[in-house]
Structure formats: C-alpha cells, structure tokens
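Per the working numbering, the very first residue in the sequence shown carries number 83; after that it's consecutive.
Every residue gets a Cβ at the ideal spot worked out from N, C-alpha and C, and that includes glycine.
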Amino acid sequence: MSTPVSRLPTHTTDAYTQLDDVPGGVFARILLQEGIIGERELDKACRVQKRLGNNKLLSSILLELNLISEDDHRRILRKHGKNFRFGDLECEMGHITLEQLLEAIAIMKRKPGKRIGEIMLEREFINERELAQGLSDQLALPLMHIDLEMLNLEVVKKLGHSFLKKNLIIPYEEGVRTVSVICADPLNSTAIREIEERTEKKAVIAIGVRSVIETLINRLAQGAGSRVAKDNRDSVLDIVDAIFLSAVRNRASDIHIEPLSDRVRIRLRMDGVLINHTEMHPDLALRVISSIKVMSELDISDTRRHQDGRMFREIGHVKVDFRVSTYVTLYGENLVMRILRRDGGLKSLEQLQMNKAMLNRFKYEALEVPTGVIIITGPTGSGKTTTLYAGVDYLNQPNTKIITLEDPVEFAIDGIMQCSVDVKAGRDFNASLKAIMRQDPDIIVLGEIRDKLSAEVSVQAALTGHKVLTTFHTEDSIGGLLRLIDMGIETFLISSTVVSILAQRLARTICPDCRQAYLPDPRIARMIGLDKETLNNHAFHRGIGCATCNGTGYFGRTGLHELLVLNDPVREAILARKTSHEVRDISCATTKLVSLMENGMYKVLQGLTTVEEVYRITPRSHSNRTVNEVVRLMEEDES
C-alpha cells in the first residue's frame, strides 16, 4: 500500500484516488465527499497514520481523535457499503483485522482468480455468515434464509438438481416476469444468466449462507421437497402455515412481516436476533397479512389503525399461542407475532442457569424472606417472565395463597389464582390491582410494574405483610431502584420494602456443531473485563456458522444475571439519594454484587458464549475487580 500524502489538494479527483490505496482510505474519501470532515482533519489523521507505519485504519484514527462519531461510522457503512471493496468493508466492520486483510490481499496476488472472500473463509478470518453478510452489505442485496415449505418445486424442476448443487443456488419464487433465487455467490454471472435463459424471466437475486443452501439442496435430492413443498402456491393459507411451521421449527420467538417500498420482508427473531427469512411480492403479502388478521379476530377492513389480537394454533404437533400486533407504516401494515409455545412448560429455578452461589442467595435471601418486593428486571425478551414463573412455582405451597395479575397469563400453574387483564370485560389493570388486596393473598404476582400506581400497590402490599413478585423494564439492578425513585415512590418506602432486584439478559450460546478455537479482539475483550494475561493463557471459542445454527455460529441461549440483595449500606445510600455509580460501588463492596458484564465474562471463560456476544448485550459497568476475583465470587460456596 502506498504512503499517504502529507497534503491533499482541495477536492480533486486525484486526492480521492490517492486515498483508495491507504488503509481505511475509501471510508475517509466518503467522509470528505459528504462534508463530515474537512481536509484539515483528514490531513491530521493521515500524518498520524504515517507515523504508525500505515498499520492502522484512517477511520480508527479519526474515531480516536474524536473527529468523527461511532454514529458517523455506522451510517457511512450502511449508506455506502456498495462503494467499498469487500475486504475493506469487512475490515471497517470489524470482522477482520488490518493484518488479516493485508495477508488475504497478498495471497490473492499470488493466486490470481481467487476471490478475497474465499481466501478469508479458507484462512478462517471470517465465517460463512459473515461472508454472506459482507456480500449483502457490499452489493445491497438481501441476506435471506428459506425453508423447503416455501419452495415452488416447478422452478426447482426447471433448473435441475445438478445445476443447483454445482452453483449453490435455490430458486424459491416465480412471478410473471421474474424468478427469485438465493445464491451463495451473487457474482456468478454465468449461472444467473443461465437461470434467465431457462426460465425466460429476469432473476431477482438474494444472498444465502453457503452451508445452509447446501443442506437444503441435499434435502431436496433426498426427496424431502416432494413431501413438504407445494407445487401449487395459490393457497395463501399454505404459505401462512409454512411461515408458522418454519418459525416453530427454528425456535423463533417472534415473526416480523415488514412492508418495504418494493417488497415485503419476513424476518424471524431467533435467539434474540432478527434473521432474514424470506421476501414476497406486496400483493401476496397483503393476502397473507389479511389471513393472519382474520385468524386473530382483527378488523381486516381497517388498515389505518394499529390493532392487537391473539390466536391459538397447533403447529407441527406443538400448541402455540400467538400475540399479534399490527402497526400502520408508510408502506402498509407491519405485523409482528410473539410466539408462546405451550410445550415448553415451566422452568425450575435450577434450570435458569444461575451459578450455584447466586441461586442459593436468590432462594434463601430473596424468595424465602417473608415479606417485601422482589423485582426481576431487564429489556423485552430477556427472560423476565420465565424467571418470574420459576420463582412463583418455587413458592407454590399448599399453605400459601398466591394470586396473580398478568397481561396475558402465559403459563398455567396448578394451585394458584391467575387473572388475565381483559379491558373489554371490565378487568383493566388498575381495577384488578385494587381487587387483589381484598382476596387475602400471601403472595401477589404482578406481571409488570407499569406506572406509579402499580409501583405504589407493590410497595403498600409489602408494607401490609405481603410478598410481591413483579417485573420491571430497566437496564440493571441499580437502575431498578433509581427508576422507582423517578416514578415518585418515596425513598424510605423503597428502602423498607424492596428485598431484591434480579437483572438479567439472554446471551446466545456457541453452536456445538461448528465450535472452533479463536482469539478474540483484544479491545473488545478488555471492554468486558478480560486482561491480557487471561487472553494469552485461556482458550476461547466461537461458532464459525453451519446449517444447524443457520450460519450464525450460535445455537440456544444462556442466562446472565445480576443479583442485588439489599442490605443496610445500600438502604442508607437510597435514603441519601446517592448516584447510581455510588450505589453500585456500595453494592459491589458490601453485597457481593456481580454485574451482568462480569457474569458474562465468567460464562465466556466457561466456553458457553463469546466475548462479542457479552459485549453486544450487557450494559457497560465500571469494575475494579480482577478476573480472578470475579471467578472467586461466581464459584463461591459451590464446593
């Protein structure tokens, strides 16, 4: 790579061209063209890069000098991905290091005709999903996943199995003038041209993960397609059933049907992350959405108002409740379905994947305290309800009266009185809260603290000798305490009634079928508390992507927990209205509080998840603890 010039001519094509051969230069050129930085800022970054021997991206230098923001970086990559060379884009996105990019370029020069993406894959610099995602970002093509149930076998027959296997292409839809295909290599112009010649239609290209496409083609060859796919795609109900079946088989928690300007995208939330599933023509999608609205008892004639509904279906011998929500957008109704499987059953406290020391504290210092408020907190989809029900089941004894108020009831538990909010029947949340206190309960379970009224009821119930279990939407355990103060609850009431707050997240676990050793990015590792010595002396793993995990490298999830059991120093800090930082320091020093990030770091060391996953989902929290101190706290009392 050439050395950057010390001075750049004012807005000339030559200046822009010179930048293209500098590490991170394409990104800097776009910043300059968009007016986000000026030539003075760029010149400063180039001089720093030159002093470093061209061993650092210009974008990284600009970020470190605070000349651009992280938002600027993300926005440019999202908007101008197609203007980057593949290797540059992967490097800017953090999928590979600059050293790996330079090594791949050197190999490519020695082996003409070999693409840089293939080299990166062979050298295991990236996994199959990262390769597919990079191509999607670079070429502005959708990254999609599809199941046999969504295929049109007539198109498959036209192309033939040998052609599909040779070119790793799956055709899935045929319109009047177009045929839609998913391919591992969207730059294979010869194969795409042959598709258009055989079908006499224009090919609409999407990108798929190589191993997933291979598995699908093999299943077609084994005759699976003849058993499940439909030759006749006229039935909208068949398509709806196929979407439902795919979601249930893939353990999805939500289905998203999203209208875009020229198409409708279907995505599944799997292990907490949205994965592109398929796309369809707006006319077909309109009929699919209308069918789902009918099943959910929504008004299909009303497309200008947000609506909520529910339905129950049996999907592949699995009983499923769907919560359906429509939201009116610029291009039509966006439909989201939450999937609640009835076959999952209740989890016990032992199945929540807490370490033994924390589990014992949660049982004996929180749940078994006779009165007070116990709060489970975290964002939507973090497993709060599962933990809440596990706690309720643990407390469910013949001599105890437990009464709940939920919206809706998600699991039926024998022996407790469960009530679901029903506004149409006059059972709204506030009216039911007042009625609960007249039912002589020992334990009250509120699905969620929604507002000041539900917070006040929880506190007042605890003051009158009841035990209250509920959930809250806050970032961490300390945030739960401060949020109650923000809602107007007096500090003396909080300090005298709140027993414990358990914050949690769900981290994706490494796929067992494609698990491989790797060295994490030292910068990200430091951010979650791992020191250099641990990085050098410990084996770390990640999934490289395979058919089992749909190319993500992850399969299933594990819980990360942060348990705060209030003691006198913490209560005094609340009464004194200390800051969140001060309350956290006091809690760590006196209550054995282990943060979500520290818990995640421990599970990385156990080989359950990755550094990147913990960094993605946990709130940033300052800690002076060493790795050994965290491990000691997590393994305390386990012998």
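### Query
Who are the Cβ neighbours of isoleucine 571 in its own chain at under 8 Å, not counting the five residues just before and after it?
Lys534, Ala537, Glu538 and Val541
### Query
Do you know how far the Cα of glutamate 615 is from the Cα of alanine 629?
35 Å
### Query
In this structure, does DSSP put aspartate 353 in helix, strand or coil?
coil
### Task
Please list, in chain order, all residues of the same chain as arginine 405 whose beta carbon is under 6 Å from its beta carbon, the five residues on each side excluded.
Arg392 and Arg420
### Query
Buried or exposed: glutamine 586, going by 16 or more other Cβ atoms within 10 Å of its Cβ?
buried
### Query
What's the C-alpha gap between valine 355 and lysine 375?
25 Å
### Task
Let me know the secondary structure DSSP gives proline 604 once reduced to three states.
helix
### Query
Helix, strand or coil: how does DSSP classify proline 651 here?
helix
### Message
Using a Cβ-Cβ cutoff of less than 7 Å, which residues in the same chain neighbour leucine 241 once the five nearest sequence positions on both sides are dropped?
### Response
Pro253, Ile277 and Arg280
### Message
Restricting to runs no shorter than 3 residues, where is the beta strand (DSSP E) found entirely within the segment 481 to 568?
### Response
484 to 488, 499 to 502, 525 to 528 and 549 to 554
### Query
By the 10 Å Cβ neighbour count, where 16 or more other Cβ atoms means buried, how is alanine 188 classified, buried or exposed?
exposed
### Query
Straight-line CA distance for lysine 438 to glutamate 717?
8 Å
### Outcome for alanine 303 when other beta-carbon atoms lying within 10 angstroms are tallied against a minimum of 16
exposed
#### Entry: Simplified DSSP state of arginine 386, which is helix, strand or coil
coil
### Message
Could you check whether aspartate 603 and glycine 106 sit closer than 9 Å to each other, using their CB atoms as the reference points?
### Response
no
### Query
Quick one: what's got a C-beta closer than 6 Å to glutamate 447's C-beta in the same chain, skipping five residues either side?
Val647
#### Entry: Beta-carbon separation (whole angstroms), phenylalanine 637 vs cysteine 631, contact threshold 8 Å
5 Å
### Query
From which residue to which residue does the beta strand (DSSP E) around cysteine 265 run?
260 to 265
### Task
Put valine 310 into one of helix, strand or coil per three-state DSSP.
Low per-residue confidence applies at valine 310: pLDDT is 47, beneath 50, and the placement is therefore not dependable, though the value from the model is reported in the following sentence. Valine 310 falls in the helix class under three-state DSSP.
#### Entry: Assigned secondary structure, proline 224 (DSSP; H/G/I helix, E/B strand, else coil)
coil
#### Entry: Buried versus exposed, by CB contacts within 10 Å (16 or more), asparagine 358
buried
### Query
Are isoleucine 201 and aspartate 154 closer than 9 Å when you measure CB to CB?
no
### Message
Spatial neighbours of aspartate 613 within its chain, please: C-beta separation below 8 Å, excluding the five flanking residues on both sides.
### Response
Thr708 and Val709
### Query
Roughly how many whole angstroms lie between the Cα atoms of methionine 569 and isoleucine 458?
17 Å
### Message
To the nearest angstrom, how far is the alpha carbon of serine 293 from that of leucine 327?
### Response
21 Å
### Query
Taking C-alpha atoms, which residue in Gly473, Tyr413 and Gln500 lies nearest to leucine 431?
Gly473
### histidine 663 versus threonine 467 - alpha carbon distance
28 Å
### Task
Could you tell me which of Leu342, Val286 and Gly257 sits nearest to serine 766, measuring between CA atoms?
The question about residue 766 has no answer, for the chain in this structure spans 83 to 721.
### Query
How is tyrosine 636 classed by DSSP in three states: helix, strand or coil?
strand
### Query
Under the three-state reduction of DSSP, which class applies to proline 461: helix, strand or coil?
coil
### Buried or exposed (CB count within 10 angstroms, at least 16 for buried), glutamine 433
exposed
### Message
Please report the straight-line C-alpha distance between proline 701 and valine 693, rounded to a whole angstrom.
### Response
14 Å
### Query
Considering arginine 587, what are the terminal residues of the beta strand (DSSP E) in which it resides?
580 to 592
### Reduced DSSP category for phenylalanine 404 - H, G, I as helix; E, B as strand; rest coil
strand
### Query
Can threonine 691 and isoleucine 576 be called in contact, C-beta distance under 9 Å?
no
### Query
Sorted by chain position, which residues of the same chain lie with C-beta nearer than 8 Å to tyrosine 476's C-beta, five sequence neighbours on each side aside?
Ser430, Leu431, Lys445 and Leu449
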